[in-house]
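Enquirer:
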Amino acid sequence: MNAQQREMLLRAMLEELVETGYGDASVERAREAAGVSAAEFEAEFAGKDDCLFAAYDCLTERVVATASGDCDRTGPWPARVRSGLEALLQAVAAYPALATALTRSFPGIRPAAYQRYVDLLSRFEPFMREGREYSGLEEELPGEVELLAVGAAEAIIFGEVDAGRASRLPQMLPEILFSVLVPFMGPDRAADEMRSAALST
Amino acid sequence: MAIDREALIEAMARSCIDRGYAETTVEIVASTAGCSPSDFHRHFESLEECALAAVDTILAEGMGCVASTYGADHSEWESALRALKAMLELFASRLAFASLAFIDTRQAMPNRAHERYRWGFAILTAMLDRLREGGGNPVPPNAARAAIGGGEALVRRELAAGRGDRLPRILPDLVYSAVVPFLGRREALRLAREARALLEGRPDGESAPSS
Chain L
1 MNAQQREMLL
11 RAMLEELVET
21 GYGDASVERA
31 REAAGVSAAE
41 FEAEFAGKDD
51 CLFAAYDCLT
61 ERVVATASGD
71 CDRTGPWPAR
81 VRSGLEALLQ
91 AVAAYPALAT
101 ALTRSFPGIR
111 PAAYQRYVDL
121 LSRFEPFMRE
131 GREYSGLEEE
141 LPGEVELLAV
151 GAAEAIIFGE
161 VDAGRASRLP
171 QMLPEILFSV
181 LVPFMGPDRA
191 ADEMRSAALS
201 T
Chain D
1 MAIDREALIE
11 AMARSCIDRG
21 YAETTVEIVA
31 STAGCSPSDF
41 HRHFESLEEC
51 ALAAVDTILA
61 EGMGCVASTY
71 GADHSEWESA
81 LRALKAMLEL
91 FASRLAFASL
101 AFIDTRQAMP
111 NRAHERYRWG
121 FAILTAMLDR
131 LREGGGNPVP
141 PNAARAAIGG
151 GEALVRRELA
161 AGRGDRLPRI
171 LPDLVYSAVV
181 PFLGRREALR
191 LAREARALLE
201 GRPDGESAPS
211 S
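These protein sequence lines are chains L and D, in that order. Residue numbers for the first sequence follow our numbering, beginning at 1 and rising by one. Residue numbers for the second sequence follow our numbering, beginning at 1 and rising by one.
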């Protein structure tokens, strides 16, 4: 199978998972949607699980790249967090089915799949680490402050995706930004950043 | 042989932590509890009914913890801190149930169990929202939801990593997360230190402000 077919197959597999649940997710239907033969599938994947895990890994790479692409630009740390978060929220809103696969359908398969989700969240922690220096409090902040900030954003994103309201996430950028920044900057400065984001959202 | 309903509920929670809800079957639960599928069905109509009973068990125990820590002799923040400590101790002693409550109901279970997760989350958020009235800082509507979410991510990571027995140790971080949007960093750090003192059994933790 070529690269485009592979990408279509992985995406179709995740959509199968969301639409029918793990037990009924069909490799055959996903193959047909991508125009991939059984022999081509078997040459690349050991089975349904292998394909699903590959699809999830591919999706999480994209998610991290989407957020970090903007987060890595130059500028003050809060502005870079805002850019990364904005790109992430727009991507989630644009692909609600993939967002459901990302946050709920795949992690719910079994503990090994759930671990992939935990790993995904931990990949955002390095972007938060700079906030510790930026805070001026560094060592005084809790040891897990980076995960607390990531988890704050995740809770809102998960809740909106779960409730079928992924489309409104981009307009929630200011308040999600507040909750990501507040453990590092405190409520006054985080509220300043929130207001600034609201003016340009 | 009389089959204990509680044993089936325990077996349900055990299976979820070992293999997840999606791969748990009536046969597995019955066999773990030492009975047959027909014995299982004397107590529960379906796997989902048994899972709901397990979720309700830990929710009721969690609410019991909260209720027992509130008292007129503590401020609201102090009561909340003690409630959080009691809940972490409960989860550390009931690992399979904690995993069920934090991971399976959230990500894996069907609608009725998933609703229980939403209720539990909404109750904790409402408790924190009540406390925010003492803060006075202008914070957005979802601040409590996000603050609870930050702490929950930490709890879930510890459970997934097999470190659930050490959950009480994260109390200071959870307290910081819950307090900082409303009372600011200085007060959040002070209450986190108080949480640490409480964990270490030191009586010298400073008193929390009244709300």
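For every residue, glycine included, the Cβ atom is placed at its ideal position computed from N, Cα and C. Model, not experiment: these values are computed from the prediction.
Considering only residues of the same chain and omitting the five flanking positions on each side of F91(D), which have a CB-CB separation below 6 Å?
Expert: Excluding positions up to five away in sequence, the list reads A98 and L167.
Enquirer: If you draw a straight line from the C-alpha of A34(L) to the C-alpha of A188(D), how long is it?
Expert: The straight-line gap from Cα to Cα measures roughly 52 Å.
Enquirer: Taking 8 Å as the CB-CB limit, is P187(L) close to chain D?
Expert: Closer than 8 Å to some Cβ of chain D, the Cβ of P187(L) qualifies, so yes.
Enquirer: Mind listing, in chain order, the continuous beta strand (DSSP E) runs of no fewer than 3 residues lying wholly within the stretch 97-160 of chain D?
Expert: You should have found no qualifying run.
Enquirer: Under three-state DSSP, which class holds T57(D)?
Expert: T57(D) falls in the helix class under three-state DSSP.
Enquirer: Applying the criterion that 16 or more other CB atoms from any shown protein chain within 10 Å of the CB defines a buried residue, is L47(D) buried or exposed?
Expert: So L47(D) counts as buried.
Enquirer: Is the CB of R110(L) under 8 Å away from at least one CB in chain D?
Expert: Closer than 8 Å: yes.
Enquirer: DSSP three-state call for M1(L): helix, strand or coil?
Expert: Coil at M1(L), not helix or strand.
Enquirer: Note down, in chain order, every chain L residue with its Cβ under 8 Å from the Cβ of P141(D).
Expert: What P141(D) touches in chain L: E175.
Enquirer: Quick one: what's got a C-beta closer than 7 Å to A30(D)'s C-beta in the same chain, skipping five residues either side?
Expert: Result list for A30(D): S36, P37, D39 and F40, in chain order.
Enquirer: Got a sec: is the Cβ-Cβ distance from I103(D) to anything in chain L below 8 Å?
Expert: For I103(D), the answer is yes, since a Cβ of chain L falls inside 8 Å of its Cβ.
Enquirer: Counting C-beta neighbours from all protein chains within 10 Å, is the total for P141(D) 16 or more, i.e. buried, or is it exposed?
Expert: With fewer than 16 other Cβ atoms within 10 Å, it is exposed.
Enquirer: Among M194(L), A46(L) and E7(L), which has the Cα closest to the Cα of F58(L)?
Expert: Checking the displayed sequence, the identity of residue 58(L) turns out to be Cys instead of Phe. The residue with the shortest Cα to Cα distance from C58(L) is E7(L).
Enquirer: Output needed for A12(L): all residues of its chain with C-beta closer than 6 Å, excluding positions within five of it in sequence on either side, in chain order.
Expert: If we look at A12(L) and ignore the five residues flanking it on each side, its Cβ neighbours are A30, A33 and A34.
Enquirer: Say whether chain L places a C-beta atom closer than 8 Å to the C-beta of D73(D).
Expert: Answer no: the Cβ-Cβ gap between D73(D) and chain L never drops below 8 Å.
Enquirer: Can you give me the C-alpha to C-alpha distance between L181(L) and A149(L), rounded to a whole angstrom?
Expert: Distance between the alpha carbons of L181(L) and A149(L): 7 Å.
Enquirer: R185(D) touches chain L at which residues, Cβ-Cβ below 7 Å?
Expert: The contacting residues are L137 and G186.
Enquirer: Relative to the C-alpha of V145(L), which candidate in A144(D), R145(D), R130(D) and L174(D) has its C-alpha closest?
Expert: Taking only the C-alpha atoms, the option nearest V145(L) is L174(D).
Enquirer: What separation, rounded to the nearest whole angstrom, lies between the Cα atoms of W77(D) and A153(D)?
Expert: Those two C-alpha atoms are separated by around 22 Å.
Enquirer: Using beta-carbon positions only, say whether A147(D) and L128(D) come within less than 8 Å of one another.
Expert: For A147(D) and L128(D), yes; Cβs fall inside 8 Å.
Enquirer: In angstroms, rounded to a whole number, what distance separates the CA positions of G151(D) and V180(D)?
Expert: The alpha-carbon atoms of G151(D) and V180(D) are separated by roughly 12 Å.
Enquirer: With 16 other CB atoms within 10 Å as the buried threshold, where does W119(D) fall?
Expert: Classification of W119(D): exposed, given that the 10 Å Cβ count is below 16.
Enquirer: The alpha helix (DSSP H) spanning H41(D) covers which residue range?
Expert: H41(D) -> alpha helix (DSSP H) spans P37 to H43.
Enquirer: Secondary structure at R70(D), three-state DSSP: helix, strand or coil?
Expert: Per the sequence shown, the amino acid found at residue 70(D) is Tyr instead of Arg. It is coil, neither helix nor strand.
Enquirer: Should R215(D) be flagged as near chain L, meaning a C-beta pair shorter than 8 Å?
Expert: In this structure chain D extends from 1 to 211, so residue 215(D) is not present and cannot be described.
Enquirer: Going straight from the alpha carbon of S211(D) to that of L183(D), what length do you get?
Expert: Residue confidence for S211(D) is low, a pLDDT of 38 falling below 50, so the modelled location carries little weight; the figure read from the coordinates is stated next. Rounded to the nearest angstrom, the two C-alpha atoms are 11 Å apart.
Enquirer: Could you give the distance in angstroms between the alpha-carbon of P209(D) and the alpha-carbon of C51(L)?
Expert: Because P209(D) carries a pLDDT of 47, less than 50, the predicted location of this residue cannot be relied on, and no value is offered for it.
Enquirer: Just to confirm the assignment, what range does the alpha helix (DSSP H) spanning R133(L) have?
Expert: The sequence shown places Glu at residue 133(L), rather than the Arg named in the question. It spans E125 to S135 - the alpha helix (DSSP H) in which E133(L) sits, taken as one unbroken run.
Enquirer: Please list the partners that R104(L) has in chain D, where partner means a Cβ-to-Cβ separation under 7 Å.
Expert: The answer, in chain order, is Q107.
Enquirer: Quick one: any contact between the stretch 77-94 of chain L and the stretch 170-180 of chain L, if contact means 3 or more CB pairs under 8 Å?
Expert: With the cut-off at 8 Å, the stretch 77-94 of chain L and the stretch 170-180 of chain L touch.
Enquirer: With DSSP run on the structure shown, which of helix, strand or coil describes E42(L)?
Expert: The answer is helix: DSSP assigns E42(L) an H, G or I state.
Enquirer: Which chain L residues sit within Cβ distance under 9 Å of R145(D)?
Expert: Result: A152, A155, I156, G159 and S179.
Enquirer: For I170(D) and R186(D), what's the separation of their Cα atoms in angstroms?
Expert: Taking the straight line from one Cα to the other gives about 19 Å.
Enquirer: With C-beta atoms as the reference, is A53(D) less than 8 Å away from C65(D)?
Expert: Taking 8 Å as the Cβ cut-off, A53(D) and C65(D) do not qualify as a contacting pair.
Enquirer: Within 8 Å (strictly less), CB to CB, does L171(D) reach chain L?
Expert: It does not: the Cβ of L171(D) has no partner Cβ on chain L nearer than 8 Å.
Enquirer: Considering Cα atoms alone, identify which of S177(D), V139(D) and P172(D) is closest to R189(L).
Expert: Cα-wise, what sits closest to R189(L) is V139(D).
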